[in-house]
Amino acid sequence: PGKKTQTMSYDRAITVFSPDGHLFQVEYALEAVRKGSLAVGVRGSDTVVLGVEKKAVAKLQLSQTVRKIARIDEHICLAFAGLTADARVLINRARTEAQSHRLTLDEPASVEHMTKYIAGVQQKYTQSGGVRPFGISMLIVGFSSEGAPVLYQTDPSGTFSSWKGSAIGRNSKTVREYLEKNYAETSGRETIKLAVKALTEVVEGTSSNIELAVIEAGGKGPRFLSDDEVTDILKEVDEEKGAAPAGGNGGQVA
Amino acid sequence: MDFLAGIRGQDFVMLCSDTSAVHSIVTMKQDEDKLVPIDSHKVFAISGEAGDRVNFTEYIAANVRLYSYRNGIDMSTKAVANLTRQELATALRKSPYHTNLLIAGWDAHTGPSLYWCDYLATMHSQNICGNGYGSYFVLSLFDKMWKKDLSQDEALEMMKKGIQEVKARLVTAPPRYIVKVIDKDGTRVVAEV
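As you go down the protein sequences, you meet chains X and B in turn.
Following the working numbering, the numbering of the first sequence begins with -1 at its first residue and continues without gaps.
Following the working numbering, the numbering of the second sequence begins with 2 at its first residue and continues without gaps.
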């Protein structure tokens, strides 16, 4: 009697609709994002800033090999929250797309193009056989072709949109609420300080816990702030917080 | 016909090319820079079929850039030269690139490098090299003048003498030439003759 071997088929979809219209795999992916370390993005009038919570590294681990803000091209960088290994795959795809765009069109890809591309890849993985969605949300920053700073966010579902200020990862709800309450159109160093203020709502304010990347007008591309620069900004933010009394409970009703 | 020449010095590489872009009997451009940057410290001096020249250079440059973003560090000149040769070799028996090139670069650890590469994917690391009819006149001249630890001034002197020789002896010598230098500070133009 002939033995019938069972071969695995990789064309069965994993992400499928529930009866009430949910894609549970995508929602579970968003859960993974919520467990990832915090990333904040703030857009100013001439500056855009990315701030991330630096995860505590093990004693014997080299902290400089754990990078949460990645350079995609000369003028674009991004931060992510969620599964680090998934992020590596997406970042690689983005970097390849950036060079492919330059080669074909002799022009750097716009931030919007890059975002659409990354979001497109994420969406494909919600509608393909044998794969699961990426457990990643991304904050992508740069300057538009018109010379204005832009901040985009993508999700495991493949949706994307532009933001003035956003946060993803652990405690992002608190940070986003802070930004909604306190966002103002800032420029230069003020934008960096706003991002730091938002970050330190939930993250300890030391240079070993925070990493910052800034893109300023002038086309020089992303700049990673050194530990000293981060400490300086933190000190300035602290001093400002100390100068203004918190809560406004100064006046007492007699 | 395109003229390309390269001289490796103590801590720099000097490259020269003519600046005419010719199609049949017409000179299309007199200011074509054939010394194309690959990254901040590497240059291709490339000659040959028009479309292939640009296409091939841009393709290599894009992949060199991608490497640096993926790995957080630039490729060495040796790596770029070998990648280039590998691409030429793979394409050779399918759809060859009809280009001859000189690959020059400066690396922090190994200093200046100069490679000669032809369309058949032959590659040699050399102190002096050239491409085109003009090179027949300058190679023997450079052989006599080259010495170890050449300074930039000495190399420029050599290059200028070489250009003079090409203008004097080659019947269809191009009228204008550009000379560039690559060293620890990157790439810059040092003469337009």
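Ideal placement from N, C-alpha and C gives every residue a C-beta, glycine not left out.
Keep in mind the model is a prediction, meaning the values are calculated, not measured.
Bridge-paired residues (DSSP) for Gly39(X): Leu48(X), Ser164(X)
Helix, strand or coil at Ser114(B) according to DSSP, with G and I counted as helix: If DSSP states are grouped into helix, strand and coil, Ser114(B) belongs with the strands.
Anticipated Cβ contact below 8 angstroms, Val260(X) with Val148(X), distance rounded: With chain X represented from -1 up to 252, any question about residue 260(X) goes unanswered, as that position is not in the structure.
Complete alpha helix (DSSP H) runs within the region 140 to 220 of chain X (minimum length 4 residues, chain order): 170 to 180, 187 to 197
Assigned secondary structure, Met159(B) (DSSP; H/G/I helix, E/B strand, else coil): helix
Where Arg100(X) sits in the DSSP three-state scheme: helix
Within chain X, the residues that Glu59(B) reaches when beta carbons sit closer than 7 angstroms: Leu101
Near-chain X residues of the region 84 to 104 of chain B (beta-carbon distance less than 9 angstroms), N- to C-terminal order: none
Cβ-based burial, Ala6(B) [other Cβ within 10 Å; buried from 16]: buried
Ala96(X) at chain B interface by Cβ criterion, 9 angstroms: At least one beta carbon of chain B lies nearer than 9 angstroms to the beta carbon of Ala96(X).
Option in Ile231(X), Lys162(X), Ala215(X), Leu48(X) with minimal Cα separation from Ser143(X): Ala215(X)
Residue of Ala92(B), Lys35(B), Leu115(B), Ile74(B) minimising C-alpha distance to Val55(B): Lys35(B)
Nearest to Ala196(X) (by Cα), restricted to the options Glu188(X), Arg174(X), Arg187(X): Arg174(X)
Chain-ordered chain X contacts of Ala63(B) [CB-CB under 9 angstroms]: Gln97, Ser98, Arg100, Leu101
Ser141(B) versus Glu155(B): straight-line alpha-carbon distance, rounded: 17 angstroms
Under 8 angstroms from the C-beta of Arg69(X): neighbouring residues of chain B: Within chain B, Tyr70 have C-beta atoms less than 8 angstroms from the C-beta of Arg69(X), given in sequence order.
Contact set for Glu183(X): own chain, Cβ-Cβ below 6 angstroms, skip 5 residues either direction: Ser43
Glu234(X) - DSSP class collapsed to helix/strand/coil: helix
Backbone CA spacing between Val201(X) and Val81(B) [nearest angstrom]: 44 angstroms
Any beta strand (DSSP E) of 3 or more consecutive residues that is wholly inside the region 78 to 142 of chain B: 100 to 108, 112 to 118, 124 to 126, 129 to 132
Neighbour flag for Thr188(B) against chain X, beta carbons, 9 angstroms: no
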